[in-house]
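A.B. asks:
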Amino acid sequence: MLTNYAFIGILFVVALSFPLLPLIMAFFLRPKRPTTIKQSTYECGLEAIGDVHVQFKVQYYLYAIAFVIFDVEVIFLYPWAVAFDQVGLFGFTAAAVFILMLFLGLLYEWKKGALEWI
Amino acid sequence: MTIVIQIIFALIAMLILGSALMMVLAKNVIHSALWLIASFFGVGALYLLLQAEFLAVVQVLVYVGAISILILFAIMLTRAADLAGETGRQWNNRWWLSLAVAGLLFGALIVPTVIGETWNVAPTEVAGAAAGQATGIAGAAELGRGFVYEYLLQFQVIGVLLLVALIGAIVIAYDETARRRRVLTLAEELELKKRQEAREAKEAKQSRKGKGEKPLPAPVPTDTLSKGNEGNEGNEGLVVR
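Residue numbers (the numbering used here), protein chains in the order written: chain G, 371 to 488; chain D, 129 to 369.
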């Protein structure tokens, strides 16, 4: 089984070295004449305004946490789906109750308007 | 084969421990979070080495994909002010206390394992590998059956836990007044304009009927849609005068 993952490992190493090698080569080959303009943040040709570390809106966090919760829900449903033909109606009901609970959460969030971007 | 696995294990362990160490030592909190993601990846690889494929995928999906984003968001949301020039000290005066606690805990966990373990894992592992069973899918199916039969209560409790987390996050973080302050959509804007025009036409007709002279300019009427818009410059432009 592990030998199958050896290919992924090889691919990983190749994929990692592919961008790294040119960067390392460029580091040794390039002339180093830094100016303030060269070292400024590249922002599509526009001058960067303000600080990078702005405080983000809390709503990003709400979206993120909703994403994580439904992500975890789906992960718990994967094994159930794999064993679907073995667990029968009882298993279906158990998963349905599980999904229904989280659906209530989704309804609450929807009703509350937390899904709308403000 | 065993030596190869041990080399792979050593590499993975180096990745986990190295990035965990860098996480603790990094001066910038964002960099700490990124090192933590690398450490999560290493743990996922370790699960793969232990032939727990499902767990490995879940590790990458949940920890690398979701939890790390949550951590990054949490940093961006809360620590904006002192992120800029953050050069706090990495050591505080009680470092020896935390060292002692961590050492004791580690010892308490590792010593019984080392003493109680019978170190003959290799033959069974070789036998399992020789059998060449597709342990991955079987593992997931076993997990699924476990959720439904043996661990049904725990499965449902997880559902309740997720529900509580979702509702709790909304209750704590969601600003309901912000919803009313929002910028109107184009449809709402047009609706507002239409109502405004209808009202103005009606008022104009009434005043002409009454005295036949031009009325004073009426105060800008507030509509139901623009209720609660006080203090928002964004919406004032939407009220048609």
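All residues carry an ideal CB built from backbone N, CA and C; glycine is no exception.
Give the residues from the stretch 289–305 of chain D that approach chain G closer than 8 Å (Cβ to any Cβ), ordered along the chain.
C.D. replies: L290, L291, A293, L294, I295, A297, I298, A301, Y302, D303 and E304
A.B. asks: Taking the alpha-carbon of F168/D as reference, which of A184/D, A154/D, A180/D and L177/D has the nearest alpha-carbon?
C.D. replies: A184/D
A.B. asks: Quick check: the stretch 160–179 of chain D against the stretch 187–196 of chain D, are there 3 or more CB pairs under 8 Å?
C.D. replies: With the cut-off at 8 Å, the stretch 160–179 of chain D and the stretch 187–196 of chain D touch.
A.B. asks: With 7 Å set as the bound, which would you pick, yes or no: does the beta-carbon of F234/D sit closer than that to a beta-carbon of chain G?
C.D. replies: no
A.B. asks: Starting from Y175/D, trace the alpha helix (DSSP H) both ways and give me its first and last residue.
C.D. replies: V157 to L177
A.B. asks: Provide the residue span of the alpha helix (DSSP H) that contains P449/G, from first to last.
C.D. replies: V428 to V452
A.B. asks: Return no unless some Cβ of chain D is closer than 7 Å to the Cβ of K481/G.
C.D. replies: No, K481/G does not count as interfacial toward chain D.
A.B. asks: Tell me which residue opens and which closes the alpha helix (DSSP H) that V292/D is part of.
C.D. replies: Looking at the DSSP string, the run of the alpha helix (DSSP H) that includes V292/D is L280 to A301.
A.B. asks: Using a beta-carbon distance below 7 Å, is P401/G in contact with chain D?
C.D. replies: no
A.B. asks: Which whole-angstrom value is the C-beta distance of Y478/G and I298/D, which I expect to be below 8 Å?
C.D. replies: 7 Å
A.B. asks: Does A173/D pass the burial test, meaning 16 or more other C-beta atoms within 10 Å, or should it be called exposed?
C.D. replies: buried
A.B. asks: Give every residue of the same chain whose Cβ lies closer than 7 Å to the Cβ of G264/D, excluding the five residues on either side of it in the sequence, and list them in chain order.
C.D. replies: Confidence at G264/D is low in this model, with a pLDDT of 46, below 50, so the placement of that residue should be treated as unreliable; the coordinate-derived value is given next. Contacts found: E181 and F182.
A.B. asks: Taking buried to mean at least 16 other C-beta atoms within 10 Å of its own C-beta, is S387/G buried or exposed?
C.D. replies: exposed
A.B. asks: Any C-beta of chain D sitting closer than 7 Å to the C-beta of P404/G?
C.D. replies: No, P404/G does not count as interfacial toward chain D.
A.B. asks: I believe G475/G touches L281/D by the beta-carbon criterion, under 8 Å. Please report the beta-carbon distance rounded to the nearest angstrom.
C.D. replies: That belief does not hold up - the Cβ atoms of G475/G and L281/D are roughly 20 Å apart, past 8 Å.
A.B. asks: Check the Cβ of I419/G against every Cβ in chain D and list those closer than 9 Å, keeping chain order.
C.D. replies: The premise fails here: I419/G is roughly 15 Å from chain D at the closest Cβ pair, so nothing lies under 9 Å.
A.B. asks: Under DSSP, the alpha helix (DSSP H) around M204/D begins and ends at which residues?
C.D. replies: S196 to T206
A.B. asks: So what's P401/G in DSSP terms, helix, strand or just coil?
C.D. replies: coil
A.B. asks: Measuring only the C-alpha atoms, how far is E417/G from I158/D?
C.D. replies: Their Cα atoms are separated by approximately 24 Å.
A.B. asks: Can you tell which of F397/G, D455/G, I469/G and Y433/G has the C-alpha that lies nearest to the C-alpha of E270/D?
C.D. replies: D455/G
A.B. asks: For chain D, find out if any of its Cβ atoms is closer than 7 Å to the Cβ of V383/G; answer yes or no.
C.D. replies: no
A.B. asks: Tell me, please, whether the stretch 422–442 of chain G touches the stretch 196–204 of chain D by the rule of three or more beta-carbon pairs shorter than 8 Å.
C.D. replies: yes
A.B. asks: How long is the line joining the alpha carbons of L145/D and L139/D, rounded to whole angstroms?
C.D. replies: Distance between the alpha carbons of L145/D and L139/D: 10 Å.
A.B. asks: Q134/D: buried (16+ other C-beta within 10 angstroms of its C-beta) or exposed?
C.D. replies: exposed
A.B. asks: So with Cβ pairs under 7 Å, would you call L472/G a contact of chain D?
C.D. replies: yes
A.B. asks: Is the shortest distance between the beta-carbon of I238/D and the beta-carbons of chain G less than 7 Å?
C.D. replies: no
A.B. asks: Quick check on A268/D - is its C-beta less than 7 Å from some C-beta in chain G?
C.D. replies: yes
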